[in-house]
Structures are given as structure tokens and as C-alpha cells.
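The block underneath contains the structure these notes are about, expressed in C-alpha cells.
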């Protein structure tokens, strides 16, 4: 239909949405819209027919139209705003349902709820549905971490409470959690973990009641800030006594009995390549270029399952943790250090048990032959990414020092080039994101932020891990037996459509069929903008259109890698899914693919996949929050200084910007004082009504730091104006003041939704303010230079 008819449909739907209980004839609708005449009536009837066909409205037996009411209650997750309202996400495709403050049933952020849609969405004007929560199905919070505020003796006697705790998390900071006198008695400023005994209700909508479980320490003590985040994300920094005792019983060397049934590869040239400060080496590699030009690649992975047996205390604790968590100044491991840095780590010069994926790869990058078997190896060299990169770049001193190893390193680099080309040709999307390493002193205070650059060594180890992960997944998929996969599903059609419209508006050619989306289409778009000013914005928008990678018992493939088969096999020291994959490999090899064996695994894999995917997200949330904390702390000493930045996101309440050092913050619309700015959702840009200035994602901008709130991890900037702009802004302010007289300047607020940072922002940010799918589907296979999450991790 023409645009004018689309507008009419939108107007009519809004009319019904604002009067959901009333019935109207077509004539009454025509009158309400002040449309008259035969032509207008025909358009109204046609629009009503479209809305009825879309099930947005219904026709009664009296020839009257009424807003269609959904006949079922939907279940979803409540995302609360600190102003009291919120949204319910009930579908991966449909827009979230807005819930006004009075209709939340006092749900807390993260609660699973039932929501009744009271106003359906209006897709003709991109307006989402509205609803009311009818039931809280499951509480997301059973514990909370916050700062303790004590009561006076008189207040304690009057209220029966010892004081209250307030969370530093933005979406929970508005709640007071009253602490009963029966639990622990923290001191002022202590960070405390509290159990929630009573949730908000009609009598106490902004408070909860709880019991102090653990005093983490005073908020000003070194390390307490990080540990508060860790504990708040349900990550246990300490191992239970029985787990440590079990770890102590494990030998620190390979026993003769351990060697039975294993390929002895201790004479093979095997090396580890990791970051300078890595201490847990769970993979080692060896490459040999054969006479026919093919490559023999051995990927050896620590055989953790030999020591962490199913059902043991170590195994149960590893399952609960799900993954290791890599923070700025420490690691919270999945396994005790005695294992992760000892017998399970492929340390140089030590015999170690491994599972080997042995591959022959041709010049096209195809794995022609492979075998997967238990082995015993000995790493000959502990190499670092930095040194290998220098050797490959021709460093004379290092080349001489590692002379016996240099030919193999060059073969490795050649094999990587072949594997990378193969992945590129099949359509794998290669994201090059800037990563930062935060340097802290002995007290945990950040003193520098250094950018990491990935060289050939990082990329080639990544290529070898990808090859092993794909080979293992393919082997068991083709055997049609239950298996655990790392999956990354196709992006949502609507998000892809919006992304393609966005890049097309920038002049980028989009090739391919939108009904048959392939990774190659995205790769083609990225290739057009490499090295251009648009590269950053296109990459950001592409990441937002992606789904989140997860673990599944279904072989759904990996879209980002353009891989039909994919699993996680290469990091069992730090990821429970990899440990499970190893356990399955052993179990199938020892017991065969019998019905009983398949039933055993088939019955537990979905639960393992769901649990470990959830634990991965908790770990990532904690890592991000700690990074944000330390970045904010680093910037706190630089308030008032100016920086070069780039616009990383535009919303109705302002612009998020990113500095060269990856620090991100907000220019709130109330701080854009040089004009009256309006947000254009379709182009994701901000437009000045008076000056005509436009700000969009990827645009360079100079900013001034005006606030760094360490407690809430929030950074605020304002744009640096030129002298001419400042003079014009001053004149506009004076003219505005004359027009408005004594009215408060606050009446003049800019276009937005109330200007709340909390409308999607938790500073430098758990979701980056970038939308729900910022955790793009990544493969989680690589190895970071400092921590062990790389760009291929689900960040």
C-alpha cells in the first residue's frame, strides 16, 4: 500500500490502542479521524480490512470494530528500569512489551513473569506492545550484594532492623533491603551478601527484607570491589573443603598405570603457545609439512577427565561453576590450581595425558584424514604469542635462540594461511575487534589501559583449535549419536532486514537473497568497508544483528564460522562443555555406540548445555562489570580533560561514545546543550533542530569527561563545542529564556523517553546500550593474550 495508506493504518491502530475496550463503526472512526467523503471512507474501510486481516482488530456481530485482545498470557523475562517501569521479553523476534510502573506487580529485574498484552504492537510506526504482569513465575534474585548502611540504636529498636543494604547495580539501586537484627551485624560501608526473605509488595513497593549472609569487606579495602561483583554474579571465589581435599589426593605426575592404552607421543615435537602471563596450558600443537605438500597437524588437549571423574566432588563443583572467570587481576578457575596449573596443565618438559585430534590437511584446507585418541605427550617448548610473532617477523636473536623450532613455526604460519583462506571462501565472518588489557597496581588500582593486537601466532593457534573443534563435531555427528555442540543460529530475519537497510542507506551494496541468509552475505558487506570510516559502524551494527552462541544437544551449526559442525573440545581446564565432550569421547570409545550408551548421554546433554550456557553468561557479565569498574576508576582522575572519540551508539536519550582506549560513556541528551536534538530511530542518528547537525554511529567526535561514578560504573561526557558553536548556543539559550520567561529550563527537555540512562545502559556496559544481541555468536575457541576469552568468545 502507498505510504499515505500506511500512515492511515498506523493512525487507526493507535486510535484503537488508546481506546482498547470500546467499539466503533467505520463511520465513527471516519469522524474521529476527521475524514469525510466517499474516497476517504473507502480508504478507512480498506485500512480496517488490513488491520482485521492482521488480527489487530476484530469485527463484532453488530458491525463494530474493537481492539483484538490476546487470548493467552505470555511468559517472559522482566527487564526493570530504575524509574519503576520495565519491559518483558517474551519472544526472540517480537518486540518487548512495555509495562508501566503500576502494572509490574512489583517484579524485580530478571524475574520470570506472565504478562497479559493490553495493547498490541503497532508495526506501522515501530511501536511495541504494552502489557501488565499478572503473575511472577520465578524470582531471579535469591541473594543480593550491596553496601550496608547501619541504623541508630533507636531506629533498630523501633524497626527491628539492624540497617539496610543498597546495591550498586543501577537496576537494583532504587531498592532498600532491610537487614534483620537476627543475622550478621555488618559495619558502615561494608559490602554484604544478603539473602532475600521478602520481596517488594503493595505495602513496601521499593524495599525488600533480608538476612546478612557474608561480609565481603569494607568497600574501600583493596579487592573488595571486584569480589563484590564476583559474588553478586553467583560465582564462588573459594573451593569447598572437600573439593580441595579431593584435589590433594591426585598425583602431581603421570603414573605408569596411566600410560596403558595411550599413544606414546612424548618424542614428538610438541609446543604450547600462550600469553606471557598464562599459567594453565590446556592445548599443545605440532605441525609437519609432508613430502606431498599436505600438513600433519596434531592438536593435543589436556585429558582432564582422567583426573576429574564423573560424579566426584571435583566434577560437581566444576559443573556448578561451568567455566573459569578471567578478571583484571585474577582468575577464578573452574578447577583448583593444583589441577589447572599442575597435572592438567601441559607444562614444558613434563609428561602429560592428552586427547589428540590428529589431522592431515591438504593445500585447500580440507581435513582428508583424522583420528581422535588418548595419548601421552611432553611439551618441548613453552612459547609465547609475542615471541612467536617476533620470530615470524624475522627477529634475529629469538630466531637463533629457538633455531630447532623455527622451521615448524613457519610451517604453522603457512598452514594457518591455508585454513584462514578456506574459512573465508566458505563465508566465515572474521571480526577484528579492539581488545584492551587493564593494568593495575598491587592494590588493584588501574594505572594504564593497553590495546592488544592479534598477530599471526594468535590467529594460527585459533585456526588449529577451530580445525580440531570442527573435526571432532563432524566425527560424532556423522555417527548419529548424542553429542554436545557449540551452536550459533541464523540471525533473526527482521534484524537482518534492518541491518541491510542500514548499510544500503550508507551506499553499501547488499548481494544475496534475504529469504536465504548466508554468512557470505555479511562477509561481503564487511569486505566493502574495510579501511573506510564506515567500518566501525558497520561492524557494530552487524554484531547487534547476530544471535548469541550457546551449547546445545542439537547440531544446529555455527553461522558466524559458516561451519556445519562445531563443538568445544579444546579447553577442558576452563570450560565444562569441553570436559563433557572429552568424557563422551572416552565413553563411546570404551563402551561403543550401544543403545544404552546413547540413552545415557541423550538424557543429560540438554540440561548440561542449558546450564553451562547460563554459567557462561554469568561469567561474562562479571568480567564485563569488573572491566567497566576499573575503566571508570581509571577515568576518575581525568575529569575535565578532553578526548577524541567515536559515536558507538545513538538512542533517544543520548549518545554512547568510545575513546581510543575502549572506554565507553554517555553523552546524555540533557548535556547536548547547543541545540534541541531529536532522535531518528531508522537511521540511528541525532538531529539538531536549529543547527541541522547530525550525529550517527561511527562518527568522530571530541568530548570532555564531566563525571566518572566509580560506585555505579557510569561515565558521562559532553561534546566539546567550537567557539562559534558555543556562541550560537549561548544566543539560543538567551532567546529561549526570553520566550519561556520564568518557566523552568527543565520544561525544555530534549526529545526522548525521560532521558534515563537506565533505559538500556549499565555503563560501559553489560549490554553496551547496544541492544539485546550484543553477545554476538562467537566460537569461544581461541585464546586471549592475557585472559583466555578471545574475540571468538561469546562476549
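Numbering (my numbering), first residue to last: 1 to 795. Built from N, CA and C at the ideal position, the CB exists for glycine as well.
For residue i, does the three-state DSSP call read helix, strand or coil?
i	result
residue 20	coil
residue 116	strand
residue 634	helix
residue 197	strand
residue 500	helix
residue 450	strand
residue 218	strand
residue 226	helix
residue 249	coil
residue 677	strand
residue 8	helix
residue 472	helix
residue 284	strand
residue 182	coil
residue 65	strand
residue 434	coil
residue 317	helix
Can you list, in chain order, the residues of its chain whose CB lies under 7 Å from that of residue i, leaving out five sequence neighbours each side?
i	result
residue 136	105, 107, 111, 113
residue 463	416, 419, 420
residue 181	156, 160, 161, 162
residue 13	51, 56, 122, 124
residue 276	384, 386
residue 244	336
What does the alpha-carbon distance come out to for the pair residue i and residue j?
i	j	result
residue 308	residue 328	28 Å
residue 619	residue 666	25 Å
residue 556	residue 484	11 Å
residue 799	residue 647	It is not possible to answer for residue 799, since the shown part of the chain is limited to 1 through 795.
residue 626	residue 390	32 Å
residue 289	residue 413	11 Å
residue 613	residue 281	23 Å
residue 361	residue 284	18 Å
residue 655	residue 670	11 Å
residue 601	residue 712	44 Å
residue 98	residue 599	43 Å
residue 398	residue 330	30 Å
residue 223	residue 238	15 Å
residue 517	residue 196	46 Å
residue 258	residue 572	19 Å
residue 719	residue 731	18 Å
residue 507	residue 540	17 Å
residue 305	residue 248	16 Å
residue 496	residue 186	51 Å
residue 228	residue 68	48 Å
residue 501	residue 235	41 Å
If distances are taken between C-alpha atoms only, which option among the options comes closest to residue i?
i	options	result
residue 357	715, 465, 434	465
residue 91	168, 492, 565	492
residue 477	468, 410, 565	565
residue 215	189, 26, 387, 610	189
residue 172	181, 80, 230	80
residue 715	679, 673, 730, 641	641
residue 702	393, 721, 652, 76	721
residue 691	684, 678, 22	678
residue 367	495, 227, 295, 650	295
residue 199	230, 109, 131, 272	109
residue 142	233, 204, 202, 205	233
Once you ignore the five residues that flank residue i on each side, which residues in its own chain have a CB closer than 6 Å to its CB?
i	result
residue 194	144, 165, 177, 210, 212
residue 448	439
residue 675	688, 690, 691
residue 814	Look at the range of the chain in this structure, 1 to 795, and you will see that residue 814 is not part of it.
Hey, is residue i close to the ligand MN, as in C-beta under 6 Å from one of its heavy atoms?
i	result
residue 411	The ligand MN is not part of this structure, which contains no ligands at all.
Going along the chain, which residues of its own chain have a beta-carbon closer than 8 Å to the beta-carbon of residue i, five neighbours each way excluded?
i	result
residue 94	121, 129
residue 475	370, 372
residue 29	12, 15, 44, 48, 65
Does any residue of chain B have a CB that is nearer than 7 Å to the CB of residue i?
i	result
residue 36	Absent here is chain B; the protein component of the structure consists of one chain.
Report task. Please confirm if the region 536-549 is in contact with the region 453-472, defined as three or more CB-CB distances below 8 Å between the two stretches. Result -> no
Query - Three-pair Cβ contact test at 8 Å for the region 264-273 versus the region 292-310 - result: yes
Query - Any 3 or more C-beta pairs closer than 8 Å across the region 40-47 and the region 59-68 - result: no
Query raised in the report: Can at least three beta-carbon pairs, one atom from the region 631-638 and one from the region 702-714, be found at a separation below 8 Å?
Result: yes
Query raised in the report: Should the region 309-327 be called in touch with the region 379-397, which here means at least 3 C-beta pairs below 8 Å?
Result: no
Query raised in the report: Using 8 Å as the threshold, is the region 335-347 in touch with the region 367-382, meaning 3 or more CB pairs across them?
Result: yes
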